[in-house]
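Counting in UniProt numbering, the sequence shown runs from 1 upward without gaps. Backbone N, C-alpha and C fix where the C-beta goes; we use that ideal spot for every residue, glycine too.
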Amino acid sequence: MGSIGKTTIAGEIFNQNCSEYEGCCFLEKVSEQLGRHGRTFLKEKLFSTLLAEDVKIRSPNGLSNYTVRRIGRMKVLIVLDDVKEEGQLEMLFRTLDWFRSDSRIILTTRDKQVLIANEVEDDDLYQVGVLDSSEALELFNLNAFKQSHLEMEYYDLSKKVVDYAKGIPLVLEVLAHLLRGKDKEEWESQLDKLKRLPNKKIQDVMRLSYDDLDRLEQKYFLDIACFFNGLRLKVDCMKLLLKDFESDNAVAIGLERLKDKALITISEDNVISMHDILQEMGREVVR
């Protein structure tokens, strides 16, 4: 299932444990990057990161024996995020025998068959579930009120939102940002809109936050969703791409607004990204 928190959990494991390894690499959106850039690009990115040097693949057979031997002497941590097809692991490395026994490779996927096909043992599987009601309420409060405890004035309304979200973190986060700072009447109005959604699809819920943007902010959101997501563009580069007749300040404010509504994220190194469910919602808007 998408938007359930697999990437977030894998990222936390990576960040907490990377210092214990000689080489680390977190490859985001593996399937998307393979489709966009191809196998050679992604392999070069993976092994360049692990070895902390520029690795070039110049032969059809892939890595040189020298590079494979170097990798085999290292204790490495690799996260392959959002693997969608069974053969994609083999595209990146022909065999797991390349790696030391104390190295670790973590895959996130929505399809358990991907793990089965790659002979992942049951004991090594971790299925991410939805949040229980107390966890969901705490996450919602952190995003809606900037605190873990509940605002009693909004207790009943908060419970309704949490019940609606069914424990899905992304839905909780986006709805919290949609409602943050608004009065109880506006909360009631947004909850009424939620009740009227016919199929209660996640994209429909996300659409409420899109509808809450002004025209220019909607344009920026759609441009990122349709053209720029997945390119690992930094904020300054994105500003240049989004700028039309608006001032630099207008674009900066627009991006900050998208970030505040949890429609985009900006990493510590200023790279802009958008969750794939939000991207799909944006593409649905323009179809």
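{"Query": "Within 8 Å, strictly: CB atoms of V76 and G11", "Result": "no"}
{"Query": "Coarse secondary structure for S31, derived from DSSP in three states", "Result": "helix"}
{"Query": "Three-state secondary structure assigned by DSSP to I13", "Result": "helix"}
{"Query": "Exposure of L92, with buried meaning 16 or more beta-carbon neighbours within 10 Å", "Result": "buried"}
{"Query": "Start-end ranges of the alpha helix (DSSP H) lying completely within the region 168-205, minimum 4 residues", "Result": "169-179, 184-196"}
{"Query": "Rounded straight-line distance, which links the Cα of N118 to that of F99", "Result": "15 Å"}
{"Query": "Sub-8 Å separation of V83 and F26 beta-carbons", "Result": "no"}
{"Query": "DSSP state of G72 mapped onto helix, strand, coil", "Result": "helix"}
{"Query": "Own chain residues within Cβ distance below 7 Å of K193, not counting five before or after", "Result": "L208"}
{"Query": "Residues of its chain near D102, where Cβ-Cβ distance is below 8 Å and the 5 sequence neighbours each way are ignored", "Result": "K75"}
{"Query": "C-beta atoms of K159 and L191 nearer than 8 Å", "Result": "no"}
{"Query": "Coarse secondary structure for V114, derived from DSSP in three states", "Result": "helix"}
{"Query": "Distance CB(L96)-CB(L107) smaller than 8 Å", "Result": "no"}
{"Query": "Bridge-paired residues (DSSP) for L233", "Result": "Answer by DSSP bridge pairing: none, since L233 is not bridged."}
{"Query": "Environment of Y155 [buried if 16+ CB atoms lie within 10 Å]", "Result": "exposed"}
{"Query": "Unbroken beta strand (DSSP E) run spanning I106, endpoints", "Result": "104-107"}
{"Query": "Candidates Q88, F41, C18, of which the one nearest S31 by Cα", "Result": "Q88"}
{"Query": "Residues that S26 bridges to, as DSSP identifies them", "Result": "Correcting the residue identity first, residue 26 is Phe in this sequence and not Ser. Beta-bridge pairing links F26 to V79."}
{"Query": "Straight-line Cα distance separating I13 from L50", "Result": "17 Å"}
{"Query": "Nearest-angstrom Cα separation, counted from L263 out to D123", "Result": "35 Å"}
{"Query": "Simplified DSSP state of I266, which is helix, strand or coil", "Result": "strand"}
{"Query": "Distance CB(H177)-CB(K261) smaller than 8 Å", "Result": "yes"}
{"Query": "With 16 other Cβ atoms within 10 Å as the buried cut-off, status of M238", "Result": "buried"}
{"Query": "Cβ contact check for the region 215-225 and the region 276-284: 3 or more pairs under 8 Å", "Result": "yes"}
{"Query": "Check whether V130 and I168 have beta carbons under 8 Å apart", "Result": "yes"}
{"Query": "Identified DSSP bridge partners for V271", "Result": "K234"}
{"Query": "Test item: CB-CB of E28 and D81 under 8 Å", "Result": "yes"}
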